[in-house]
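*Asks:* Quick note, the sequences are listed as chains A and B, same order. Taking this note's numbering, the leading residue of the first sequence gets 1, the next gets one more, and so forth. Taking this note's numbering, the leading residue of the second sequence gets 419, the next gets one more, and so forth. Every residue, glycine too, gets a C-beta built ideally from N, C-alpha and C. Quick one: structure below, then a few questions.
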Amino acid sequence: MSGRYRRLMTRQFTRLWTAGRLTIAQFRDQKVRLSLAVLGVTLAVLAITLLAGAGVGVLETGEQQFQTADRDLWVTSGDTRLTTAGGGGFENTLYDSRNLSAEMESHDGVALAAPLAFETVYVSTDGSDDFQTFVGTGIPGSGSSIQVTDGNALEGDPYYANGTYDGEMTREVLIDAETARSLGVSVGDTVNIGGSLAAARENEFTVVGISPTFERMLGTPTVTMPLSELHQVTGNTRTEPATFLAITVEDDARIEAVKQDLAEEYPEYEIRSNQEQLEAVLQEQVVLLAAGGTLVVVAIGAGVALTFSLLSLVIYQQRPTFAALTVQGVSPPLLLMTVIGQGLLIGLLGGGLGILLTPPAVVALNRLATAVVGFDGLIQTAPWIYALALAIAMGIGSVAAVVAGWRVSQTPPLEVLS
Amino acid sequence: MAGSVASFDEASSSVVVSATDVTKRYTRGTEPGVLGRLLGRQSPPTVCAVDSASLEVRTEEIVGLAGPSGSGKSTLLHLLAGLERPTDGTVTFRGTDLASLSRRERTRHRLEHIGIVFQQFHLLDSLSARANVALPLVETGVGKRERRRRATDLLERVGLGDRITHRPRELSGGEQQRVAIARALITDPELVIADEPTGELDTEAGRTVLQEFERVAENRAVVLASHDRETLELCDRLLRLRDGSVVDQSPPGGSQ
Numbered sequence: 001m002s003g004r005y006r007r008l009m010t011r012q013f014t015r016l017w018t019a020g021r022l023t024i025a026q027f028r029d030q031k032v033r034l035s036l037a038v039l040g041v042t043l044a045v046l047a048i049t050l051l052a053g054a055g056v057g058v059l060e061t062g063e064q065q066f067q068t069a070d071r072d073l074w075v076t077s078g079d080t081r082l083t084t085a086g087g088g089g090f091e092n093t094l095y096d097s098r099n100l101s102a103e104m105e106s107h108d109g110v111a112l113a114a115p116l117a118f119e120t121v122y123v124s125t126d127g128s129d130d131f132q133t134f135v136g137t138g139i140p141g142s143g144s145s146i147q148v149t150d151g152n153a154l155e156g157d158p159y160y161a162n163g164t165y166d167g168e169m170t171r172e173v174l175i176d177a178e179t180a181r182s183l184g185v186s187v188g189d190t191v192n193i194g195g196s197l198a199a200a201r202e203n204e205f206t207v208v209g210i211s212p213t214f215e216r217m218l219g220t221p222t223v224t225m226p227l228s229e230l231h232q233v234t235g236n237t238r239t240e241p242a243t244f245l246a247i248t249v250e251d252d253a254r255i256e257a258v259k260q261d262l263a264e265e266y267p268e269y270e271i272r273s274n275q276e277q278l279e280a281v282l283q284e285q286v287v288l289l290a291a292g293g294t295l296v297v298v299a300i301g302a303g304v305a306l307t308f309s310l311l312s313l314v315i316y317q318q319r320p321t322f323a324a325l326t327v328q329g330v331s332p333p334l335l336l337m338t339v340i341g342q343g344l345l346i347g348l349l350g351g352g353l354g355i356l357l358t359p360p361a362v363v364a365l366n367r368l369a370t371a372v373v374g375f376d377g378l379i380q381t382a383p384w385i386y387a388l389a390l391a392i393a394m395g396i397g398s399v400a401a402v403v404a405g406w407r408v409s410q411t412p413p414l415e416v417l418s
Numbered sequence: 419m420a421g422s423v424a425s426f427d428e429a430s431s432s433v434v435v436s437a438t439d440v441t442k443r444y445t446r447g448t449e450p451g452v453l454g455r456l457l458g459r460q461s462p463p464t465v466c467a468v469d470s471a472s473l474e475v476r477t478e479e480i481v482g483l484a485g486p487s488g489s490g491k492s493t494l495l496h497l498l499a500g501l502e503r504p505t506d507g508t509v510t511f512r513g514t515d516l517a518s519l520s521r522r523e524r525t526r527h528r529l530e531h532i533g534i535v536f537q538q539f540h541l542l543d544s545l546s547a548r549a550n551v552a553l554p555l556v557e558t559g560v561g562k563r564e565r566r567r568r569a570t571d572l573l574e575r576v577g578l579g580d581r582i583t584h585r586p587r588e589l590s591g592g593e594q595q596r597v598a599i600a601r602a603l604i605t606d607p608e609l610v611i612a613d614e615p616t617g618e619l620d621t622e623a624g625r626t627v628l629q630e631f632e633r634v635a636e637n638r639a640v641v642l643a644s645h646d647r648e649t650l651e652l653c654d655r656l657l658r659l660r661d662g663s664v665v666d667q668s669p670p671g672g673s674q
């Protein structure tokens, strides 16, 4: 019995070995066609790794931005939607933000409630009429969470003067490095800023420092000034709109409990934790996410279709020979193993090549993303993405090979030979 | 002559394969399903490819099958090789009714007992001549070294000792057919069947291949189907087929 078992195992091993050799021989013989199939799988893998990497990058960048902001809760009114108008930014749907923040700040457990507004503004240098649009960010005070890399932080917001707007305007602005490059200005230079061209011509600001904080947060060049001065130059002092209220809870307070209390007291507003706020922002981009997901599915489908059609072509050419061998007594499993071997090899080579090409593609796309949208490291890969991509590549090759092999095995050999 | 047993009268030779009143019918199209029958669809017509043919083939005998295209030569070869089951009648190989074997057993039977040569050579372009010849041995569990040795021996026997590492596309048609003959002989079969083995070859290459068949028949039975007169002259006995029936059997130089 054991001798018979050994013979059986030897035969199976010989079959497997021969199928492997046949696979490699076929590959050498059909270089162009099979290389095209490998290329198809490589492109599918690249699409998967880069799109998944972009997803991971967006999540991680978002989390990082919220951590940098050092806030606990975010209050919004309605959707926190990105607007494409001008230089971009969020829609400001939270009105009377000054009074609301004062009310919320008086609530138990709330240490600080600060309104943040993002408005599109026109900016020029030295009173010229060559205006560019940027996102103007309004902040209520200087705040330690605003990082300044050159020059000084903002002094504060004396102009608001408890809602009278009759204090002294500081006419100070922080800009990021990209804005400085774009305008050709540095610390100490003067720029004109306004919500309209007319307002911009009338309002001069001095660049007091370079800050990357809001450029990183929004992914676009920004100019940052006291909130009241932003409202003034954009003509919004009456409604005092803000994009969010950012709340910091007291050290001994539980974030969840404060959130619950505020939600009960202000049911008309959305109050979210950092994570929830990030998710809310992402959910607003559902079309973008769906498009990304669709691209992955299409890439996989295209990979399967391409591999299947090219493999089928190769196998179609080999059908008479396979049929002749079957007639001769060579068992169909050996030939099927050869076909599957070709599929697996296509998957392995395509997957490996795709994974090898991913890091340089990520570097190139990140450079592009930094130049276009301002975010650093927008595409981030992880080991699980590579493992997933390789598994999918092998899957693509196997599915294509099994389907092609099945079709071959279903065709009676005499039908092929006659 | 249909229904008669065509036998070789050399008493010392044993019968390798025999067909007795073998008929093979094919259906043109598919049988109607339940719905089709309800709608009055008729059963498709059948065509009789071989009609009550009988023959015996003995060791060291070369039997030729002659006849026009569509006369049933190839179908009769397929029946003798166990590639198809007869609709009626029996095909026995060394006393075993091939119809009693499962598909898998028939595949194994062909591997161990039958060598087949086609008009087209059907060699794998990606493999060398030796690897092509050795391939069927993979199924028999013979070790790699032994496979290579046997394949090399056979290629030397068919005059291709200096071509063992060549790919099929590097060989002439005659050389490729000799590789195919070597592949058919690698498992040392008792019966070799060949369907138009010289059909793709020029006269000179065809002659070389026929010489191989003469040598092949030294210790085994050979059945050849051909249109080619020179090929058929090689045979010890000739069966002429028309419309699936054996209409005449004679030595090659006999009645046409």
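1) Who are the Cβ neighbours of leucine 112/A in its own chain at under 6 Å, not counting the five residues just before and after it?
2) Here's a check: name, in chain order, each residue in its chain whose Cβ is nearer than 6 Å to the Cβ of glutamate 250/A, leaving out the five neighbours to either side.
3) Expressed to the nearest angstrom, what Euclidean distance is found between the alpha-carbon atoms of glutamate 479/B and cysteine 653/B?
4) When DSSP labels each residue in this structure, what does leucine 16/A get in the three-state scheme?
5) Would you be able to state if there are at least three C-beta pairs under 8 Å between the segment 211-220 of chain A and the segment 166-179 of chain A?
6) Quick one: what does DSSP say proline 226/A is sitting in, helix, strand or coil?
7) List, in order along the chain, the chain E residues whose C-beta lies closer than 8 Å to that of glutamate 557/B?
8) Can you give me, in chain order, the residues of the segment 605-618 of chain B that have a beta carbon less than 7 Å from any beta carbon in chain A?
9) Within 10 Å of its beta-carbon, does methionine 217/A have 16 or more other beta-carbons around it, so buried, or fewer, so exposed?
10) State the start and end residues of the unbroken beta strand (DSSP E) segment that holds arginine 660/B.
11) Check whether the Cβ atoms of leucine 36/A and leucine 390/A lie closer than 8 Å to each other.
12) Using a Cβ-Cβ cut-off of 8 Å (strictly less than) and excluding sequence neighbours within five positions of arginine 4/A, which residues of its own chain qualify?
13) Who are asparagine 274/A's beta bridge partners in DSSP?
14) Quick check on serine 489/B - is its C-beta less than 8 Å from some C-beta in chain A?
15) What residue from Glu63/A, Gly194/A, Gly329/A has the CA that sits closest to threonine 605/B's CA?
16) Between leucine 16/A and the ligand MN, is the CB less than 7 Å from at least one heavy atom?
17) Are there three or more Cβ pairs, one per stretch, closer than 8 Å when the segment 59-78 of chain A is compared with the segment 253-266 of chain A?
18) Write down the C-beta distance between threonine 206/A and glutamate 256/A rounded to the nearest angstrom, noting that I regard them as a contact closer than 8 Å.
19) Taking the alpha carbon of glycine 591/B as the reference point, which residue from Val610/B, Glu574/B, Thr616/B has its own alpha carbon closest?
20) For leucine 642/B, tell me which candidate among Ala612/B, Ala623/B, Leu657/B, Gln629/B has the shortest Cα-Cα distance.
21) In this structure, does DSSP put phenylalanine 536/B in helix, strand or coil?
22) Could you work out which residues of chain A lie near histidine 584/B, taking near to mean beta carbons separated by less than 7 Å?
23) Just to confirm the assignment, what range does the alpha helix (DSSP H) spanning threonine 239/A have?
24) Does the beta-carbon distance from threonine 307/A to leucine 46/A come in below 8 Å?
25) Per DSSP, what are the beta-bridge partners of glutamine 132/A in this structure?
26) Tell me tryptophan 74/A's beta-bridge partners as DSSP assigns them.
27) Would you mind working out which of Arg638/B, Ile599/B, Leu609/B, Val610/B sits nearest glycine 624/B, comparing C-alpha positions?
28) Step through the CB atoms of chain B and report whether any lies within less than 8 Å of the CB of arginine 28/A.
29) Restricting to runs no shorter than 3 residues, where is the beta strand (DSSP E) found entirely within the segment 133-187 of chain A?
30) Listed in chain order, which residues of the segment 530-541 of chain B have Cβ atoms closer than 8 Å to some Cβ of chain A?
31) Any beta carbon of chain A sitting closer than 8 Å to that of aspartate 661/B?
32) Excluding the five sequence neighbours on either side, which residues of its own chain have a C-beta within less than 8 Å of the C-beta of tyrosine 386/A, listed in chain order?
33) Please specify which runs of the alpha helix (DSSP H), each continuous and at least 4 residues long, are wholly inside the segment 481-513 of chain B, giving them in chain order.
34) Cβ closer than 7 Å: which chain B residues qualify as neighbours of alanine 324/A?
35) Name the two residues that bound the continuous alpha helix (DSSP H) containing isoleucine 392/A.
36) In terms of DSSP beta bridges, what is glutamate 474/B paired with?
*Replies:* For this structure:
1) On the first sequence, residue 112/A is found 112 positions in, with the first residue counted as 1. Contacts found: Thr248.
2) The count along the first sequence starts at 1 and reaches residue 250/A at position 250. Hits under 6 Å: Gly109, Ala111.
3) For the purposes of this step, residue 479/B is taken as residue 61 along the second sequence, with counting starting at 1. For the purposes of this step, residue 653/B is taken as residue 235 along the second sequence, with counting starting at 1. Rounded to whole angstroms, glutamate 479/B to cysteine 653/B spans 8 Å at the Cα level.
4) Indexing the first sequence from 1 puts residue 16/A at position 16. In this structure, leucine 16/A counts as helix in the three-state DSSP scheme.
5) A contact exists between the segment 166-179 of chain A and the segment 211-220 of chain A.
6) The count along the first sequence starts at 1 and reaches residue 226/A at position 226. Three-state DSSP puts proline 226/A in a strand.
7) Among the chains of the structure shown, chain E does not appear; the protein chains present are A and B.
8) Those residues of the segment 605-618 of chain B that come within reach of chain A (Cβ to Cβ, closer than 7 Å) do not exist; the list is empty.
9) For the purposes of this step, residue 217/A is taken as residue 217 along the first sequence, with counting starting at 1. Burial call: buried.
10) Looking up residue 660/B in the second sequence gives position 242. 655-660 is the span of the beta strand (DSSP E), which, as asked, contains arginine 660/B.
11) Mapped onto the first sequence, residue 36/A falls at position 36. Mapped onto the first sequence, residue 390/A falls at position 390. Contact flag unset, no.
12) Translated into the one-based positions of the first sequence, residue 4/A becomes position 4. None.
13) The count along the first sequence starts at 1 and reaches residue 274/A at position 274. Partner(s): none; asparagine 274/A has no beta bridge.
14) Indexing the second sequence from 1 puts residue 489/B at position 71. Closer than 8 Å: no.
15) Position 187 of the second sequence, counting from 1, holds the residue named residue 605/B. Looking at the Cα atoms, Gly329/A is the closest of the given residues.
16) Ligands displayed in this structure: none; no statement on the ligand MN is therefore possible.
17) Below 8 Å, enough C-beta pairs join the segment 59-78 of chain A and the segment 253-266 of chain A to call them touching: three or more.
18) The residue labelled residue 206/A in the question sits at position 206 within the first sequence. The residue labelled residue 256/A in the question sits at position 256 within the first sequence. Between glutamate 256/A and threonine 206/A the Cβ distance is about 43 Å, and since that is not below 8 Å, they are no contact.
19) In the second sequence, residue 591/B corresponds to position 173, counting from 1. Taking the Cα of glycine 591/B as reference, the smallest distance to any Cα among Val610/B, Glu574/B, Thr616/B is reached at Thr616/B.
20) By one-based count along the second sequence, residue 642/B stands at place 224. Each of Ala612/B, Ala623/B, Leu657/B, Gln629/B was checked against the Cα of leucine 642/B, and the nearest Cα belongs to Ala612/B.
21) Within the second sequence, numbered from 1, the residue matching residue 536/B stands at position 118. Phenylalanine 536/B falls in the coil class under three-state DSSP.
22) One-based indexing of the second sequence puts residue 584/B at position 166. Going along chain A, no residue has its Cβ under 7 Å from histidine 584/B, so there is no contact; the nearest lies around 14 Å.
23) As a working note, residue 239/A is residue 239 in the first sequence. Bounds of any alpha helix (DSSP H) do not take in threonine 239/A, whose DSSP letter is neither H nor E.
24) Residue 307/A sits at position 307 when you count from the first residue of the first sequence. Residue 46/A sits at position 46 when you count from the first residue of the first sequence. At least 8 Å separates the beta-carbon of threonine 307/A from that of leucine 46/A.
25) Sequence index remark: in the first sequence, residue 132/A carries index 132 (1-based). Beta-bridge analysis with DSSP links glutamine 132/A to Val123/A.
26) Taking the first residue of the first sequence as position 1, residue 74/A is located at position 74. For tryptophan 74/A, the beta-bridge partners assigned by DSSP are Ala246/A, Arg272/A.
27) Numbered from its first residue, the second sequence carries residue 624/B at position 206. For glycine 624/B, the nearest C-alpha among the options comes from Ile599/B.
28) Start at 1 with the first residue of the first sequence, and residue 28/A comes out as number 28. Closer than 8 Å to the CB of arginine 28/A there is at least one CB belonging to chain B.
29) Complete beta strand (DSSP E) runs here, min 3: 172-175.
30) Result list: Glu530, Ile532, Gly533, Ile534, Phe536, Gln538, His540, Leu541.
31) Looking up residue 661/B in the second sequence gives position 243. Not flagged as an interface residue toward chain A: aspartate 661/B, since no C-beta distance is shorter than 8 Å.
32) Taking the first sequence and counting its residues from 1, the one referred to as residue 386/A is at position 386. Closer than 8 Å at the Cβ level, and outside the excluded window around tyrosine 386/A, lie Thr49, Ile355, Thr358.
33) Taking only runs of at least 4 residues, the alpha helix (DSSP H) segments lying wholly in the segment 481-513 of chain B are 491-499.
34) One-based indexing of the first sequence puts residue 324/A at position 324. The answer, in chain order, is Phe536, His540.
35) The residue you call residue 392/A lines up with position 392 of the first sequence. Run containing isoleucine 392/A: 383-410, per the alpha helix (DSSP H) assignment.
36) Your numbering for residue 474/B matches position 56 in the second sequence. Per DSSP, the beta-bridge partners of glutamate 474/B are Ser436/B.
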